[in-house]
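Quick note on this note's numbering: the sequence shown kicks off at 775 and runs consecutively.
For each residue, glycine too, the CB sits at the ideal point set by N, CA and C.
What follows is a short report on a single structure.
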Amino acid sequence: MSHLVIPVSEKKEDKFIESIKAAALKKPDMVELRTDCLHNLNYDSLEKLINCVKSLSIPMIVTCRDPKEGGMHDHSQLVRLEILCEAIRLGADYIDCEFLNYQNAGVREAIDKALEGNPFCRLILSVHNFEEPFCEPASLYENMRHCNKYAIIKMAYMARDINDCFSAFDLLREKKGDLAVICMGAAGEISRIAASKFGSFFTFAACDGDKVSAPGQLTADCMREVYRFDKISLDTPLYGIIAEPVGHSASPAVYNASFEKTGYDGLYLPLLVEGGKEGFDEFMDNVMERPGLGFRGFSVTIPHKNNAFEYVRKNGRLDEKAEPIGAINTISIADNSMISGFNTDYNGALKPLLRAAGSVDGKKAAVIGAGGVSKAVVAGLCDQGAVVTIFNRTLSKAEELARIFGCGFDDLKNLSRLPDENYSIVVNCTSVGMSPNVGESPLREEWISEDMTVFDTVYNPLETKLLTDAKRAAAKTVSGFEMFVEQALEQYQKITSLEPDRVLIEKVLREKLKI
Ligand code: NAP
C-alpha cells in the first residue's frame, strides 16, 4: 500500500511547528518537512521541527529542495547538504536529495557517510520536471537505481494530459525496488488518488485546500473520504468518469460512497480526457493495451458521448438502443477485455415518463430541443409508439433528428399550437429554465392543460418554472432529477454488475447537486 504523505512548508519556525501539529491531526502515514521554505534555516530550527514530529510518532521525510527543482529559497548547495546530513544525525526516517545533486561526488560522499551513522534513515533520490514528462523515463529510472540501489526513487513530472500518466503506470509496473511516480497537474490526479493501485511507494496530499504544495494535489480528507485511500490495493478494479471538465461531476462521490457502503473493493476516478476525439481514442487505446491496470468501466459525459460511441462501434459491441442515438454514456469492460457501450439516458428518460403517463402508444408527444438528450428521449418515445414532433430553435437540427427517427419536426414558435392539437406529452430537452435562469420556461403556462404529462429534463433546479406551471395546470409532471437518478442506477449496474442502492445514490446526488 502507498504511504500518504502530508508536506509541511512554512517560512517561520513557530508556524512550521503549528502546521506539523495540524498535519498530524489528519493521521498521515508520513509528513514531509520542506525545510527549504524556512527563511531562517539553521540546525537549531531543524532540531525543533524534527523533535516535534518525533513527539507525534509520525515517520518523517526531511527535504531541503534545490530551487532548480522547485525549492522555495535560494539556500546554497552547501547549506542544503549540511541540513540533510544533520537531519540524518537527528533521526529523520527519510531524507530527499535531488538525483542531480547526488551525482556530485562531494554531496554523495557526505550523505552516504551520514547514512552510515543512522542505518534507520533511508535516502529518497528525486527528479522533477514541472513542464512535461521525462524524455526517456525508463533509462532515467535505471540510472537512478544504478546510482544507489538502496534508495527509494521518486520521479515527479507534469502530465500535460491524462495520456501522459500511462508511462508512469508502466514504470511502476516494471519497478525493481521502491519507486514513487507522481504526475503533477489536474490531468495527473489519478496517479495520486490511485497510488496504491499502481504500486507507488508514496503519494502526497495537502493538509487542507490552501496548503497545496504541488499542482494537482488533493487534500488528505478528500483522498480518504471520497476516494477511500486506505482501502485501495494492487487488486482493486478501477472505474471512472471520462469528461472535460470533470471536477464538477457528482459521479466519483456516488460510486465511491456506494462501494464503501457495500464493502465492494472498487475505486472510481475522475478522468479528465482532453483533446477531443483524438485524446479520447488515445486514452481508450492506452487502457485497452494495459489490461493489468484493471479498468472495468466508464461513465462518459460532455464532450465525449459521440467519441465513445464511435470507439465502441469500431472496437466493441454497442447496445442496440444506442445505435440510432449515435451517442453512449456508459462503457463496460469484461474480463476478456470485450468493451460494450450503452446509452442509459434512454431508459433513464423513458421509465419515469411511462410511470407518470402510462402507455404512450399512439399519443402525440412534443419534444423540445434537438441535442444529445433529445435523441435519447425521441428514441424511447418512438420505440413505444408515440407520435413525436421535435421542436427546436435551429430548425435544421430538428429536421436532421426527425429524419433519423421518422418523426415530425417544427419551429419553436409553433409550440403555441400544443393545446389545440391534442398533444398529451411534452418533454423539454433544452437548457431553458436551468439555474441561474430559473424564471424561464420553453412553454407559456396557458399552453399547458391538465390532460398533459410534462417532463422537464432540466434537474437544476429540482422544480423548474415549467414544472411549477404544469402542476398549477393540474398536469402530470416528471422531473429531470427522476431521469438523472434512473440513468445513474442503470449505469451503475451496467458498469459494475452490482445492484445499485437507490436511496444512497439519490441522497449523494442531492448533496452533490445541492438540490
Ligand atoms: P445539447 O446537445 O447542447 O442541446 C441543447 C438543446 O437546447 C439544443 O436543441 C438547443 O437548440 C437548445 N437550446 C439551448 N438554449 C436554448 C434557448 N435559449 N432557447 C431555445 N433552445 C435552446 O444539450 P443536451 O446534452 O441535449 O442537454 C440539454 C439539457 O438536458 C441540459 O441543459 C440539461 O439540463 C438536461 N439534461 C438532463 C439530464 C438528466 O439526466 N436529467 C442529463 C443530461 C442533460 P439549438 O439546436 O438551436 O442550439
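Please identify the residue among the options whose C-alpha is closest to the C-alpha of residue i.
i       : options                           : result
HIS920  : GLY951, GLY962, ASN1081, LYS1035  : GLY951
PRO911  : GLY1021, ILE898, LEU946           : LEU946
PHE1003 : ALA994, PRO1126, MET932           : ALA994
ASN1211 : LYS1187, LEU830, GLU1237, VAL1201 : GLU1237
ALA961  : GLN991, GLU856, ILE791            : GLN991
VAL853  : ASP840, MET958, GLY1132           : ASP840
LYS923  : ASP935, SER941, LYS949            : LYS949
LEU1067 : PHE1116, VAL1277, GLY1014         : GLY1014
ASN1121 : ILE1289, ALA1153, VAL1134         : ALA1153
SER1223 : GLY1213, ALA942, ALA1247          : ALA1247
TYR1085 : ILE1113, VAL1206, LYS1239, ALA866 : ILE1113
TYR1266 : ASP870, SER913, SER1073           : SER1073
ILE898  : ILE1164, SER1190, MET918, GLU1214 : MET918
CYS1256 : LYS1239, ILE1269, ILE1289         : Reading the sequence as shown, one finds Glu at residue 1256 and not Cys. That would be ILE1289, whose Cα lies nearest to the Cα of GLU1256.
For the beta strand (DSSP E) containing residue i, name the first residue and the last one.
i       : result
HIS813  : No beta strand (DSSP E) holds HIS813; DSSP gives it neither H nor E.
HIS777  : 777-782
THR837  : 834-837
GLU872  : 868-872
MET1208 : MET1208 -> no beta strand (DSSP E), and no H or E assigned at all.
LEU953  : 953-958
PRO1044 : 1041-1046
ASN903  : 896-903
SER1073 : 1069-1074
PHE978  : 976-978
Could you check the C-alpha separation between residue i and residue j for me, to the nearest Å?
i       : j       : result
ASN875  : ARG1064 : 35 angstroms
PHE972  : GLY1143 : 44 angstroms
ASP886  : GLU806  : 21 angstroms
ILE791  : LEU812  : 11 angstroms
CYS939  : VAL1162 : 46 angstroms
ALA879  : PHE873  : 12 angstroms
SER819  : CYS838  : 13 angstroms
LYS828  : ALA798  : 11 angstroms
ALA933  : SER1209 : 34 angstroms
ALA1017 : GLY1071 : 14 angstroms
LEU1008 : VAL986  : 26 angstroms
PHE894  : ARG882  : 18 angstroms
ASP788  : GLU856  : 22 angstroms
ALA1150 : SER831  : 57 angstroms
PRO1193 : PRO1216 : 14 angstroms
ILE1099 : GLY1037 : 35 angstroms
LEU1283 : ASN937  : 29 angstroms
ALA1131 : PHE1229 : 10 angstroms
LEU1045 : ALA1101 : 19 angstroms
LYS1005 : LEU953  : 20 angstroms
ALA942  : VAL1134 : 53 angstroms
ALA988  : GLY1136 : 60 angstroms
LYS1250 : HIS777  : 54 angstroms
ASN1202 : GLY1145 : 11 angstroms
LYS1187 : PHE908  : 57 angstroms
ASP803  : ALA1123 : 46 angstroms
ASP930  : CYS981  : With the sequence shown as reference, residue 930 is identified as Ala, and Asp is not the correct amino acid for it. Distance between the alpha carbons of ALA930 and CYS981: 20 angstroms.
ASN1089 : GLY1050 : 18 angstroms
CYS957  : PHE976  : 12 angstroms
For residue i, count neighbouring Cβ atoms within 10 angstroms of its own Cβ and tell me buried if that reaches 16, exposed if not.
i       : result
ASP984  : exposed
ARG966  : buried
ASP810  : buried
PHE1083 : buried
PHE904  : exposed
GLU1052 : exposed
GLY891  : exposed
TYR1029 : buried
LEU1272 : exposed
THR1168 : exposed
ILE1076 : exposed
TYR1233 : buried
ASP763  : For the chain, the structure presents residues 775 to 1289; residue 763 sits outside this window and is missing.
SER900  : buried
GLN1261 : buried
SER1032 : buried
What residue range is occupied by the uninterrupted alpha helix (DSSP H) comprising residue i?
i       : result
ILE885  : 879-891
ASP1194 : No alpha helix (DSSP H) holds ASP1194; DSSP gives it neither H nor E.
CYS1156 : 1146-1157
LYS1268 : 1254-1270
LYS1187 : Segment: none, LYS1187 is in no alpha helix (DSSP H) and carries neither H nor E.
ILE1178 : 1169-1179
LEU855  : 851-864
THR1242 : 1239-1246
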